[in-house]
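> Below is the structure I would like to discuss, written out as structure tokens.
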Amino acid sequence: MSIVAERSLRCLGRGFDVSCDFRPEYCRGKERLVMINEEEKRELAVPGFGVFKDVSVDIKCDKGDRIRYQSDVLGFNQMSELFNHRNSMAGKIPSGLFNYMFDFGGSTWADDASRTKCLAMDGYFINLFELRIERRKLALDDHVIKAVPSTWDPSAIARFIENYGTHVIVGLSVGGLDVIYVKQGRSSTLSSSELKQHLDKLGDQLFTGTCALPPLHGKSKEHKLKVPEAFNVFDPNNRVVEGITPVSCKDVST
0 MSIVAERSLR CLGRGFDVSC DFRPEYCRGK ERLVMINEEE KRELAVPGFG VFKDVSVDIK
60 CDKGDRIRYQ SDVLGFNQMS ELFNHRNSMA GKIPSGLFNY MFDFGGSTWA DDASRTKCLA
120 MDGYFINLFE LRIERRKLAL DDHVIKAVPS TWDPSAIARF IENYGTHVIV GLSVGGLDVI
180 YVKQGRSSTL SSSELKQHLD KLGDQLFTGT CALPPLHGKS KEHKLKVPEA FNVFDPNNRV
240 VEGITPVSCK DVST
């Protein structure tokens, strides 16, 4: 377990490409891209993971939390902006994480947006601990500044991003998540309120077990709504392996 915390500490201050995977193994650069106080060090207690020596005084740690987050039913740009905001980034241009979670190609996001009616999510986010660089003024290290292309050169810029990324990791959370992501295509006839209703019921069943879903291909007693195939994840014909019910990713198209 200590390896996880040690790797997380090493990730702080390194770069990542916002258009690609965010996970620690995809960090860019072999060392930190920003300058922090490496002269003053101390022991840092990481809840549940022990105490780590020789950690910069600029690095802080907080205990994590566990929350269930339920989004509204949003348009493509709104959901992309929400994802960016949750990752402390500005704008609505889709990130690699957004594309991966909603199964978008990512090459032409305008086309992805035109084919999408709306998006929604419901899930549990479990953070064991949070790390961050807490320094009044962050500055790039000299070796990064020297590597910045001095003229407009697409190939040189591409090499810079490959080596250093587009953003710097100044904070991160370690834990896990269990989330339902729903992508509704333009051909779907479901209203936003109907989609939200089905998603809420499925989320309650998966995460709390307090809401009984209607029978497969049946209708709810209250609303007489047929459950779309995309939300029928409790098919009794699915083979259960070692007590785990397989759940696949589906688009809402009916």
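The opening position of the sequence shown corresponds to residue 0 in numbering that gives the first Met the number 0, with each subsequent residue numbered one higher. Even for Gly, the Cβ is constructed at its ideal location relative to N, Cα and C. Model, not experiment: these values are computed from the prediction.
Look at the alpha carbon of Val167 and the alpha carbon of Asn36, and state the distance between them as a whole number of angstroms.
Taking the straight line from one Cα to the other gives about 17 Å.
> Alpha carbon to alpha carbon, how far is Gly175 from Asn126?
Approximately 7 Å, taken between the alpha carbons.
> Taking 8 Å as the threshold, find out whether the segment 44-61 comes into contact with the segment 185-204 through three or more Cβ pairs.
Counting Cβ pairs under 8 Å, fewer than three are found: no touch.
> Go ahead and pull the three-state DSSP assignment for Cys117.
In the structure shown, Cys117 sits in a strand (DSSP, three-state: E or B).
> When the Cα atoms are used, what is the spatial distance from Gly208 to Phe124?
Distance between the alpha carbons of Gly208 and Phe124 is about 17 Å.
> Quick check on the DSSP output: what are the complete beta strand (DSSP E) runs of length 3 or more inside the segment 36-77, in order along the chain?
For the segment 36-77, whole beta strand (DSSP E) runs of length 3 or above, ordered along the chain, are 40-45, 49-55, 58-62 and 65-69.
> Shortest alpha-carbon distance to Cys10 belongs to which of Gln183, Val178, Gly164 and Met100?
Nearest of Gln183, Val178, Gly164 and Met100 to Cys10, Cα basis: Gly164.
> Taking the straight line between their C-alpha atoms, what separation do you get for Phe21 and Asn162?
C-alpha separation (whole angstroms): 15 Å.
> CB of Leu198 to nearest heavy atom of the ligand MG: below 7 Å?
In the structure shown, the ligand MG is absent, as is every other ligand, since no ligand is present at all.
> Output yes or no for whether 8 Å exceeds the beta carbon distance between Cys117 and Gln204.
No.
> What separation, rounded to the nearest whole angstrom, lies between the Cα atoms of Leu171 and Ile160?
Computed Cα separation, rounded: 21 Å.
> What does DSSP give as the partner residue(s) for Gly175 in the beta ladder?
DSSP, once it has assigned bridges, lists Ile125 as partnering Gly175.
> So what does Arg27 bridge to, in DSSP terms?
According to DSSP, which records beta bridges pairwise, Arg27 is partnered with Gly14.
> Confirm, please, whether the CB-CB distance from Gly28 to Gly14 is below 8 Å.
Cβ atoms of Gly14 and Gly28: closer than 8 Å.
> Mind checking His222: buried by the 16 CB within 10 Å criterion, or exposed?
Because His222 carries a pLDDT of 49, less than 50, the predicted location of this residue cannot be relied on, and the following value inherits that uncertainty. Under this definition His222 is an exposed residue.
> Check the DSSP bridge columns for Leu96 and list the partner residues they point to.
Answer is none; Leu96 lacks a bridge partner.
> To the nearest angstrom, how far is the alpha carbon of Ile243 from that of Asp177?
Only weak support is given to the placement of Ile243: the predicted model assigns it a pLDDT of 33, under 50, and the question is left unresolved by the model.
> Give me the residue from Val72, Met34 and Leu81 with the minimum Cα distance to Leu189.
Measuring from the Cα of Leu189, the nearest candidate turns out to be Val72.
> In this structure, how does DSSP classify Ile168 when only helix, strand and coil are distinguished?
Three-state DSSP puts Ile168 in coil, outside helix and strand.
> Taking Leu194 as part of the alpha helix (DSSP H), name the residues at either end of that continuous run.
Segment Ser191 to Phe206, the alpha helix (DSSP H) holding Leu194.
> Can you name the start and end residues of the alpha helix (DSSP H) that Val143 belongs to?
Run containing Val143: Asp141 to Ala146, per the alpha helix (DSSP H) assignment.
> Look at the Cβ atom of Ser113, then the Cβ atom of Phe97, and state whether they are nearer than 8 Å.
Not closer than 8 Å, so no.
> Where DSSP assigns a beta bridge to Val33, which residues make up the other side?
For Val33, which the question treats as bridged, DSSP gives the partners Leu139.
> Looking only at its own chain, which residues have a Cβ that is under 6 Å from the Cβ of Tyr99, when we skip the five neighbours before and after it?
Result list for Tyr99: empty, nothing under 6 Å.
> Since I believe Glu129 is in contact with Asp57 (beta carbons under 8 Å), could you give me their beta-carbon distance rounded to a whole number of angstroms?
Actually they are not in contact, since the Cβ atoms of Asp57 and Glu129 sit about 15 Å apart, beyond 8 Å.
> Quickly, what does DSSP pair Ile132 with across the bridge? List them, please.
Ile132 is bridged to Ile58.
> With distance defined between alpha-carbon atoms, name the residue in Arg131, Glu30, Glu24 and Ala4 nearest to Ser140.
Note that residue 140 is Asp in the sequence shown here, rather than Ser. Ranking the options by Cα distance to Asp140, first place goes to Glu30.
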